[in-house]
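Some notes on the structure that comes next.
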Amino acid sequence: TAIEIKPKYAEAYNNLGVTLKAKGDLTQAIKNCKKALEIKPDYIDAFWTLYGTSKSVDEAVDWLEKCLKVNPKHEKAKLSLAAYKAIRGDRHEFENLMLSPSKNHPYLRSFEWVFGLRRR
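All you need for the numbering used here is the position in the sequence shown, starting with 1, plus 9.
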């Protein structure tokens, strides 16, 4: 309804994308988030939602970097990007964050736990 009333309402497209993503319809979620970005190219919430639809580490890194280009202080994007870079083999940013006050952030604690698991 919001989109019908105001077709250039980026937030409504992103919210629809979030809902579709939660329902498992990633194709339509992606389509709606990208529509939000057509309307509002620096809409960080749409980049963050699209990050959640990633099918690869490279794709996730790309969306996270776009989040951080809009807002370099987006904490969850910064922490997640450091973890994905660690997955790729570059642990520098992750290790620095683990020495910072961010070390107690739930994201970093979770990433550290996953990285510490033994492979079978």
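We put the CB at the ideal spot given by N, CA and C, even for glycine.
The closest CA to that of residue 28, considering only 13, 61, 118, 16, is found on 61. Spanning the alpha carbons of residue 39 and residue 101 requires a straight line of approximately 31 Å. Pairing residue 98 with residue 120, the inter-Cα distance amounts to about 14 Å. Note on the region 35-85: whole alpha helix (DSSP H) runs with a minimum of 4 residues are 35-48, 53-60, 66-79, in chain order. In its chain, beyond the 5 residues on either side, 73 have a beta carbon closer than 6 Å to the beta carbon of residue 90. The C-beta distance from residue 111 to residue 88 rounds to 7 Å, short enough to fall under 8 Å.
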